[in-house]
Ligand SMILES: *Cc1c(COP(=O)(O)O)cnc(C)c1O
């Protein structure tokens, strides 16, 4: 599905040099590369603050902690996403409420959100506090509509941009569109490190200070003075050094992903349902995910042709044993349920050459014919 070796070859000696410098200076935590990366990420996104952290999950948890989300609070989460979006809520003691998504763009459906917030408010047992829109597969969610609903109901908007760093929505670049934005540098994400890593973006100075404290044991102004509950959620220096090198080629890689997506789309449209990108938006194409009628048969045919495929994600979160106790909005999440049994992700990475793309295309066409 991804080719980390081709990228490694392209980066060559620069990467070894960057890692060797960290081994030499020995500041494995809070080394200078972490600050350099944060400044580079701020430039990439046009965001006021970028705060490196240990993972995308840490990024989500840190923001919820900083905003003071906890027991008795409802946090609205799409049912069709990776588990960490909802885990972060539960880890903070709050209650996720599952909301449906759009069928063609896979992201949070604003009407479903509004109905769920209204229902929770009406029940009166939980306090609606936040929403976590997810930029699933790389395209920013519809923040214009979501921010509007959030403002009316007094919700904090935490953007889960684990899959969309580098993309742009109608309101601006990823990293600037919610109250805070969480991203991940896990090896399968568009901008990936060689281990675990993540970052939070925000325009809010006070929130940024809180996040820097929370990621480092809740430290106050002085060393060994702990102002608040915190985590050990720092981004380590070796990963920051790796990411600084990868950032140099990131715009070029995003352009390559976009070319491949366009080529897939031109060839496959009309044969299977291909992903659509809203006018005025771009996608970071973390995944290229199609909708098929008989997924098991398609996967088998692709495997026979030597083409990799994967299911993101086979169950909506409300069907996961760990989250089954939590409610959905009124009417359930029928689109999420349907997508879970019909989505299929095809190989997508910047080093997929045209011959490899053609193999994927003809295998899909053969199997859908
Ligand atoms: C990967 C991912 C996360 C979690 O990121 P980690 O760095 O793996 O903790 C959260 N949300 C979504 C949508 C993701 O894809």
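Numbering (the working numbering), first residue to last: 5 to 373.
Backbone N, C-alpha and C fix where the C-beta goes; we use that ideal spot for every residue, glycine too.
query                                                                                                          : result
Among 99, 45, 152, 111, the one whose alpha carbon lies nearest that of residue 137                            : 111
Residue span of the alpha helix (DSSP H) that contains residue 38, given as start and end                      : 36-49
Opposing strand residues paired with residue 236 [DSSP bridges]                                                : 220
Neighbour-count burial assignment, residue 99, 16 or more Cβ in a 10 Å radius                                  : buried
Residue 323 and residue 341 closer than 9 Å at C-beta                                                          : yes
Residue 170 versus residue 304: straight-line alpha-carbon distance, rounded                                   : 33 Å
Own chain residues within Cβ distance below 7 Å of residue 264, not counting five before or after              : 352, 356, 361
Nearest-angstrom Cα separation, counted from residue 154 out to residue 266                                    : 33 Å
First and last residue of the uninterrupted beta strand (DSSP E) at residue 349                                : 347-350
Cβ separation of residue 60 and residue 166, assumed to be a contact under 8 Å, to the nearest whole Å         : 4 Å
As assigned by DSSP and simplified to three states, the class of residue 147                                   : helix
Exposure label - residue 349; buried when at least 16 CB within 10 Å                                           : buried
Under 9 Å between C-beta atoms of residue 52 and residue 209                                                   : yes
Ranges of the alpha helix (DSSP H) found wholly within the stretch 61-145, counting only runs of at least 4    : 88-95, 114-127
The stretch 156-165 / the stretch 122-140 touching (three or more Cβ pairs under 8 Å)                          : yes
Buried/exposed call for residue 127, threshold 16 Cβ in 10 Å                                                   : exposed
Proximity to residue 93 [Cα-Cα], best of 83, 73, 86, 230                                                       : 73
Residue 56 beta carbon near ligand 1 (any heavy atom closer than 8 Å)                                          : no
Span of the beta strand (DSSP E) around residue 164                                                            : 160-164
Cβ neighbours of residue 309 in the same chain (closer than 6 Å, five flanking residues each side left out)    : 367
Check: residue 193 C-beta below 8 Å from any heavy atom of ligand 1                                            : yes
Contact test: residue 111 Cβ vs ligand 1 heavy atom, cutoff 8 Å                                                : no
Closer than 8 Å: residue 200 CB and nearest ligand 1 heavy atom                                                : yes
Alpha-carbon to alpha-carbon, residue 19 and residue 249                                                       : 6 Å
Among 25, 21, 55, 331, the one whose alpha carbon lies nearest that of residue 206                             : 55
Buried versus exposed call for residue 142 [16 or more other C-beta atoms within 10 Å across all chains shown] : buried
Residue 331: CB within 8 Å of a non-hydrogen atom of ligand 1                                                  : no
Anticipated Cβ contact below 8 Å, residue 2 with residue 311, distance rounded                                 : An answer regarding residue 2 cannot be provided, because it is not within the stretch 5 to 373 covered by the chain.
Check: residue 180 C-beta below 8 Å from any heavy atom of ligand 1                                            : no
Buried versus exposed, by CB contacts within 10 Å (16 or more), residue 329                                    : exposed
For residue 233 and residue 219, the rounded distance between their alpha carbons                              : 10 Å
The stretch 112-126 touching the stretch 284-297, judged by at least three CB pairs closer than 8 Å            : no
Residue 281 versus residue 236 - alpha carbon distance                                                         : 37 Å
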